[in-house]
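Quick note, the sequence shown lines up with residues 1 to 79 if you use full-length UniProt numbering. Report on one structure; see the data block that follows.
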Amino acid sequence: MPGKTQKNEATGGSVIYDLKLPHWAFLFNCPFCGGDAELVADGDGVYVGCKNSECLIKPITDTYQTKRDAVRAWNQRPS
Numbered sequence: 001m002p003g004k005t006q007k008n009e010a011t012g013g014s015v016i017y018d019l020k021l022p023h024w025a026f027l028f029n030c031p032f033c034g035g036d037a038e039l040v041a042d043g044d045g046v047y048v049g050c051k052n053s054e055c056l057i058k059p060i061t062d063t064y065q066t067k068r069d070a071v072r073a074w075n076q077r078p079s
């Protein structure tokens, strides 16, 4: 599966990220609506967010340089 290309609006450049999850990774559902989550790329890196268009909260993580860090941040839940 090829990477996903998204235009960096700040610089006008293109950055290519492979947003396919590695075999070891999974994303917990959104803690607010229970919907699916997805990896998203921006000009600075990748982040994870709820992809349910009807979610009122629409949570996202900070932007990370690696998919692993973004996935860990999303999957971390308070105990």
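Every residue gets a Cβ at the ideal spot worked out from N, C-alpha and C, and that includes glycine.
Use the C-beta contact count for residue i: other C-beta atoms within 10 angstroms, 16 or more gives buried, fewer gives exposed.
i	result
Leu39	buried
Quick check: what's the CA-CA separation for residue i versus residue j?
i	j	result
Pro78	Asp42	27 Å
Leu56	Phe32	8 Å
Trp24	Asn52	24 Å
Pro59	Ala37	9 Å
Cys50	Asp18	18 Å
Asp44	Gly34	27 Å
Lys20	Glu54	24 Å
Would the beta-carbon of residue i fall within 8 Å of that of residue j?
i	j	result
Thr63	Tyr47	yes
Phe26	Trp74	no
For residue i, which of the options has the nearest alpha-carbon?
i	options	result
Cys30	Lys20, Pro22 and Thr61	Thr61
Pro22	Asp44, Arg68 and Glu54	Arg68
So who's on the other strand from residue i, going by DSSP bridges?
i	result
Asp42	Gly45
Ala37	Cys50
Flag residue i as yes if its beta-carbon sits less than 8 Å from any beta-carbon of chain D, otherwise no.
i	result
Ser53	Absent here is chain D; the protein component of the structure consists of one chain.
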